[in-house]
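*Asks:*
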Amino acid sequence: MMQGDVEKIKERVDIVDLISSYLKLQKAGVNYKARCPFHSEKTPSFSVSPERQIWHCFGCGKGGDHFTFVEEIEGADFPEALKILAKKAGVELQDFDRSFQNEKTKLLEICELATKFFEKQLWHSNVGQKAHAYLKERGVQDDFIKSFRLGFAPESWQSLSDFLNSKGYRDQEIFESGMSIRRESRDGFYDRFRSRIIFPVTDANAQVVGFTGRIFRPDAEIEPVFDASAFSKVPKETSEKRDVPTEEYKEAKYINTPQTPIYDKSKILYGLDKARSQIKKVDQCLVVEGNMDVVLSHQAGVVHAVASSGTALTDQHLKVIKRFTNNLNLCFDQDSAGSNATERGIALALENNFNVSVLGIDDSECKDPADFVKKFGLKWQEQAKKIKPLVAFYIEHSSKLFDPQTAVGKKTIAEKVLPFIKTMPNEIERSHWVGELAVRLAVKEETLIRQMEMMQNKLFDAKAISSVPNKKEHFFESASFDLLEEYLISLLMLKPQLASGAAQQKTDFFSDKLIMIFSALAGYLNEKPFEKPVDYIIQKSVEKNLGLEKMYLEKLYLQAQEVN
1 MMQGDVEKIK ERVDIVDLIS SYLKLQKAGV NYKARCPFHS EKTPSFSVSP
51 ERQIWHCFGC GKGGDHFTFV EEIEGADFPE ALKILAKKAG VELQDFDRSF
101 QNEKTKLLEI CELATKFFEK QLWHSNVGQK AHAYLKERGV QDDFIKSFRL
151 GFAPESWQSL SDFLNSKGYR DQEIFESGMS IRRESRDGFY DRFRSRIIFP
201 VTDANAQVVG FTGRIFRPDA EIEPVFDASA FSKVPKETSE KRDVPTEEYK
251 EAKYINTPQT PIYDKSKILY GLDKARSQIK KVDQCLVVEG NMDVVLSHQA
301 GVVHAVASSG TALTDQHLKV IKRFTNNLNL CFDQDSAGSN ATERGIALAL
351 ENNFNVSVLG IDDSECKDPA DFVKKFGLKW QEQAKKIKPL VAFYIEHSSK
401 LFDPQTAVGK KTIAEKVLPF IKTMPNEIER SHWVGELAVR LAVKEETLIR
451 QMEMMQNKLF DAKAISSVPN KKEHFFESAS FDLLEEYLIS LLMLKPQLAS
501 GAAQQKTDFF SDKLIMIFSA LAGYLNEKPF EKPVDYIIQK SVEKNLGLEK
551 MYLEKLYLQA QEVN
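Numbering (UniProt numbering), first residue to last: 1 to 564.
1. Are there 16 or more other CB atoms within 10 angstroms of the CB of Ala206, so buried, or fewer, so exposed?
2. On a CA-only basis, which of Ser308, Lys253, Asn256 and Ile321 is nearest Gln278? Give me that one, please.
3. So, with DSSP's three-state summary, where would you put Trp433?
4. Closest to Val208 by CA distance: which of Gln299, Leu23, Cys60 and Gly151 is it?
5. Whose CA, out of Gln316, Ala370 and Ile346, lies closest to the CA of Leu330?
6. With a floor of 4 residues, list each alpha helix (DSSP H) that falls wholly inside the stretch 31-95, ordered by position along the chain.
7. If you draw a straight line from the alpha carbon of Asn327 to that of Val356, how long is it in whole angstroms?
8. So, is Gly4 buried or exposed, given that buried needs 16 or more other C-beta atoms within 10 angstroms?
9. Work out the CA separation of Glu74 and Gly64 for me, nearest whole Å.
10. Buried or exposed: Ile15, going by 16 or more other Cβ atoms within 10 Å of its Cβ?
11. Considering only C-alpha positions, which residue in the set Asp293, Phe354, Ala442 and Asn426 is nearest to Val373?
12. Taking the C-alpha atoms as reference points, what is the distance between Lys274 and Ala114?
13. Among Glu415, Phe67 and Phe199, which has the Cα closest to the Cα of Lys116?
14. Please determine if the stretch 181-189 and the stretch 129-144 are in contact, where contact requires at least 3 C-beta pairs separated by less than 8 Å.
15. Pop quiz: Arg214 and Tyr270 are said to be a contact at Cβ under 8 Å. What is the actual Cβ separation, rounded to whole angstroms?
16. Which residues in the same chain as Met424 place their Cβ atom closer than 7 Å to its Cβ, once the five residues preceding and following it in sequence are excluded?
17. Select from Leu378, Arg170, Gly210 and Lys62 the residue whose C-alpha is nearest the C-alpha of His298.
18. Residues in the same chain with beta-carbon distance under 6 Å from Ala204, minus the five sequence neighbours each way, listed in chain order, please.
19. Can Asn352 and Ser45 be called in contact, C-beta distance under 7 Å?
20. For Gln381 and Gly301, what's the separation of their Cα atoms in angstroms?
21. Under the rule that 16 or more other beta-carbon atoms within 10 Å means buried, what is Ala34, buried or exposed?
22. For a quick check, are the C-beta atoms of Ser180 and Asp191 less than 7 Å apart?
23. Do Trp433 and Ile421 have their CB atoms nearer than 7 Å?
24. Could you tell me which of Ile19, Val443, Lys385 and Ala312 sits nearest to Gly409, measuring between CA atoms?
25. Looking only at its chain, what residues have a beta carbon closer than 6 Å to the beta carbon of Tyr22, apart from the 5 residues adjacent to it on each side?
26. Please name the residue or residues paired with Phe118 in a DSSP beta bridge.
27. Threshold first: 4 residues or longer. Then list the alpha helix (DSSP H) segments lying entirely within the stretch 140-220, N to C.
28. Which class does Pro369 belong to by DSSP, given the choice of helix, strand or coil?
29. Around the Cβ of Pro369, are there at least 16 other Cβ atoms within 10 angstroms (buried) or fewer (exposed)?
30. Closest by CA to Lys267, which one among Cys60, Phe163, Ala307 and Phe118?
31. Out of Ala28, Val48 and Lys411, state which residue places its alpha-carbon closest to the alpha-carbon of Ile19.
32. Find out if the Cβ-Cβ distance for the pair Asn291, Thr212 is shorter than 7 Å.
33. With 16 as the cutoff for other CB atoms within 10 Å, does Asp17 come out buried or exposed?
34. Using a Cβ-Cβ cut-off of 6 Å (strictly less than) and excluding sequence neighbours within five positions of Leu359, which residues of its own chain qualify?
35. Using only the alpha-carbon positions, how far apart do Trp123 and Cys36 sit?
36. CA-CA distance, Gln504 and Ile197?
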C-alpha cells in the first residue's frame, strides 16, 4: 500500500517543480543546476535531472529522489516527507497516517489544539477581550490577528493541561510538547504559558511547533473559556492549593517554547510559512527582531519579513533563508546593532556569502518596525526599500558613537568596521569598503589594510559557535540557552572563584542573560551575602528585572553539583 503511494506521488510531482519551489534552478543542458543548499559553495554543483527524476550535489555528495530531498531540506524523517509530498500531489494517506502516529505527530496535534484553545480565550473570554484590545491598540487588525492565529493564555496553572487531558493526551506528552513545566516537587505539571498574549510559531509548512508568550496582566479576574461545541467538555479547575513554585521573582516579558522534538529555535523563523513565496519573488529576506514586527510588517505589505525565534541568527537559520535568496536585509534598533549576538549572526551571513544590508528607521520616535507601522501604516513599504550595505551602515553607526576627526576615534571606528570587511569572502568587496572607510577616516588605504591583516582571521569564530549542539535535555525545561554556556555557568555557580579577574571576558557569551549571570557571579565574590551564589543571582534578577527564572537557576546549580 505505502509503496503504491510513493510511486503515485513520484508520478504526480515533477522533481524540477519540487526543487524549484525551494531553490533557484538554472537550465544547464538537459539538466538544471543551483548552489547546493546543504553546504556553502560559490560555483553551483547541485544538479537536477528531469529525465531520471533525481538530484545530486557533486560538492558534498548528497543526492537522491523526491523524498530524500524533502527529508534533507525540511529536516524531516520519511513519514513526514511522505506527508508533505502527498499533500503536494493530492494523494490521501489515511491508512499510512494511522500507522505512523509517532511522537512528532502527537506533539503537532497538541500544539494545534493548544493554538485553538488560546485563540478561543482571546476572542471569547473577558480578559481575552482586553488582550484583544491591546493588540488593536498596537495597530494589529483583526484579519492579521486571525491570520497569525494570535491567542491568549489565561492566568491559570492548569486550564490548558486539563483541556488537553480531556482530548486524550497524557501529562507526559503535554510536557514533551513544551506546553507544561514539571512542578518543583517533581509530582505533576503546571501550564507553561499563563496570562500571556500568544504567538504560535509555525514551521515552513504552517504547522504549529511552538509558541512565544508576551506577559499581559490586566486588573481583571481571568476565567478560561470553554465551548462544548468546539472543544467538548473540559474539567474545571479545583480550588485546592496546587504544588507550583512561588513567584519571588518578576516574570520575563517574553517566554518561548523550550527545545522539543518538533521545535528547534536555531532553525525556526517566525512568519516564514507566510513569507517564503514573497522572499523568492522579491529576492530579499528582511529579518526583524520581534514577532510583532513580523505581523505588522506583513499587514503593511512588507511580506518578506521574518524573525528568528528568541535568538540571534544561526547557521541553520541562514541555510533556510539560502533556499530562497542570497540577499539578507537586517532591521534592528541601535542598541542591538553593536551586540555580540547581532554581530555573530552577521559574521555567519558574510561567511555564507550573503549580500547583507541594513534597514534603518527614519523616525526617532519609532524604535522598531511595529512602532513605524502603527504610526505610518503602509509607508513601511517605502521605508523597507531604504536599505544600506552592511559596512556603510556600520561606518555611519560607529561615526555617530566616536569622533572620526580624532586619532582615538579613527582607531576605534576602524576596530569596529574592519572585522566586517575582513570576513567578506569577495576580494573586490573588501577592496571597495576599505576605500570607503579610508575616505571617512581620512587615512591611507594601505594603513587600514595592514591593520586588517593583523586582526584575527574572522570577525568571530562563527562556525564554531553555530556548531554547538542545540539539543536540550528536559533538565533545562525552563530555558533554552546555548547548552555549553549553560554548563560553564553551572560550573561557575559551583566554584564562583573561577570568575574572579575574568569579568572583562563576559561579552564572550552568546546570550545576554548569561552575560547577566556572569556579571552577578563576579558581584557575588565581592559581597557574599548568601551561602550559595544562586540565591544572590535570584535576588539580583528581581532587583534588576532580568527575567531569570528561579527554577532554571537552581537547576543549573544542581546540575553542576551532579557533574562535579
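Quick reminder that beta carbons are idealized off the backbone N, C-alpha and C, glycines included. Quantities reported herein were computed from a predicted structural model and do not represent experimental measurements.
*Replies:* Here's the rundown:
1. One-based indexing of the sequence shown puts residue 206 at position 206. Around the beta carbon of Ala206, fewer than 16 other beta carbons lie within 10 angstroms, which makes this residue exposed.
2. Position 278 of the sequence shown holds residue 278. Minimum Cα distance to Gln278 is reached at Ile321.
3. Translated into the one-based positions of the sequence shown, residue 433 becomes position 433. Trp433 sits in a helix when the DSSP states are folded into three classes.
4. As a working note, residue 208 is residue 208 in the sequence shown. Nearest option by C-alpha distance: Gly151.
5. Taking the first residue of the sequence shown as 1, we reach residue 330 at position 330. Answer by Cα proximity: Ile346.
6. If we require 4 residues or more, the alpha helix (DSSP H) runs fully inside the stretch 31-95 come out as 66-74 and 78-89.
7. Translated into the one-based positions of the sequence shown, residue 327 becomes position 327. Translated into the one-based positions of the sequence shown, residue 356 becomes position 356. One Cα belongs to Asn327, the other to Val356, and the distance between them is close to 6 Å.
8. For the purposes of this step, residue 4 is identified with residue 4 of the sequence shown, where counting begins at 1. With fewer than 16 other Cβ atoms inside 10 Å of its own Cβ, Gly4 counts as exposed.
9. Here residue 64 refers to the residue found at position 64 when the sequence shown is read from its first residue. Here residue 74 refers to the residue found at position 74 when the sequence shown is read from its first residue. Rounded to the nearest angstrom, the two C-alpha atoms are 15 Å apart.
10. Stepping through the sequence shown from its first residue, residue 15 is reached at position 15. Residue burial is scored here from C-beta neighbours: Ile15 has at least 16 other C-beta atoms within 10 angstroms and is therefore classed as buried.
11. If you number the sequence shown from 1, residue 373 lands on position 373. Taking only the C-alpha atoms, the option nearest Val373 is Asp293.
12. For the purposes of this step, residue 274 is taken as the residue at position 274 of the sequence shown. For the purposes of this step, residue 114 is taken as the residue at position 114 of the sequence shown. Approximately 21 Å between the Cα atoms of the pair.
13. For the purposes of this step, residue 116 is taken as residue 116 along the sequence shown, with counting starting at 1. Closest by alpha carbon: Phe199.
14. Contact between the stretch 181-189 and the stretch 129-144 is absent: fewer than 3 CB-CB pairs across the two stretches fall below 8 Å.
15. Locating residue 214 in the sequence shown gives position 214, counting from the first residue. Locating residue 270 in the sequence shown gives position 270, counting from the first residue. Not really, about 13 Å apart at Cβ, beyond 8 Å.
16. Position 424 of the sequence shown, counting from 1, holds the residue named residue 424. Here the set comprises Leu350 and Arg430.
17. Working through the sequence shown from its first residue, we reach residue 298 at position 298. Answer by Cα proximity: Leu378.
18. Sequence index remark: in the sequence shown, residue 204 carries index 204 (1-based). Around Ala204: Leu272 and Asp273.
19. Sequence index remark: in the sequence shown, residue 352 carries index 352 (1-based). Sequence index remark: in the sequence shown, residue 45 carries index 45 (1-based). Between Asn352 and Ser45, the C-beta gap is not smaller than 7 Å, which leaves the two residues out of contact.
20. Sequence index remark: in the sequence shown, residue 381 carries index 381 (1-based). Sequence index remark: in the sequence shown, residue 301 carries index 301 (1-based). Roughly 6 Å between the two C-alpha positions.
21. Counting from 1 along the sequence shown, the entry for residue 34 is found at position 34. It counts as buried.
22. As a position in the sequence shown, residue 180 is number 180, starting the count at 1. As a position in the sequence shown, residue 191 is number 191, starting the count at 1. When the beta-carbon positions are compared, Ser180 and Asp191 come within less than 7 Å of each other.
23. As a first step, residue 433 must be located in the sequence shown, where it is residue number 433. As a first step, residue 421 must be located in the sequence shown, where it is residue number 421. Against a cut-off of 7 Å, the Cβ pair of Ile421 and Trp433 comes out as a contact.
24. To locate residue 409, count along the sequence shown from 1; it is residue 409. A check of alpha carbon separations from Gly409 across Ile19, Val443, Lys385 and Ala312 identifies Val443 as the nearest.
25. Position 22 of the sequence shown holds residue 22. Taking C-beta separations shorter than 6 Å and ignoring five residues to either side along the sequence, the partners of Tyr22 in its chain run Ile73 and Arg323, following chain order.
26. Locating residue 118 in the sequence shown gives position 118, counting from the first residue. Phe118 pairs with nothing; no bridge assigned.
27. With a minimum length of 4 residues, the continuous alpha helix (DSSP H) runs that stay inside the stretch 140-220 are 142-147, 159-166 and 171-176.
28. Along the sequence shown, one-based indexing puts residue 369 at 369. Correct three-state label for Pro369: helix.
29. Here residue 369 corresponds to residue number 369 of the sequence shown, with the count starting at 1. Buried.
30. Start at 1 with the first residue of the sequence shown, and residue 267 comes out as number 267. Cα-wise, what sits closest to Lys267 is Ala307.
31. Within the sequence shown, residue 19 is the residue found at index 19, counting from 1. Among Ala28, Val48 and Lys411, the Cα nearest to that of Ile19 belongs to Val48.
32. In the sequence shown, residue 291 corresponds to position 291, counting from 1. In the sequence shown, residue 212 corresponds to position 212, counting from 1. A Cβ-Cβ contact shorter than 7 Å links Asn291 with Thr212.
33. For the purposes of this step, residue 17 is taken as the residue at position 17 of the sequence shown. Residue environment: Asp17 is assigned as exposed (fewer than 16 neighbouring CB atoms within 10 Å of its CB, all protein chains considered).
34. The residue given as residue 359 occupies position 359 in the sequence shown. Contacts found: Asn329, Cys331 and Ile387.
35. Position 123 of the sequence shown, counting from 1, holds the residue named residue 123. Position 36 of the sequence shown, counting from 1, holds the residue named residue 36. Computed Cα separation, rounded: 45 Å.
36. Position 504 of the sequence shown, counted from the start, is the residue given in the question as residue 504. Position 197 of the sequence shown, counted from the start, is the residue given in the question as residue 197. Unreliable positioning characterises Gln504 in this predicted model, as indicated by a pLDDT of 45, which lies under 50. A coordinate reading is not provided.
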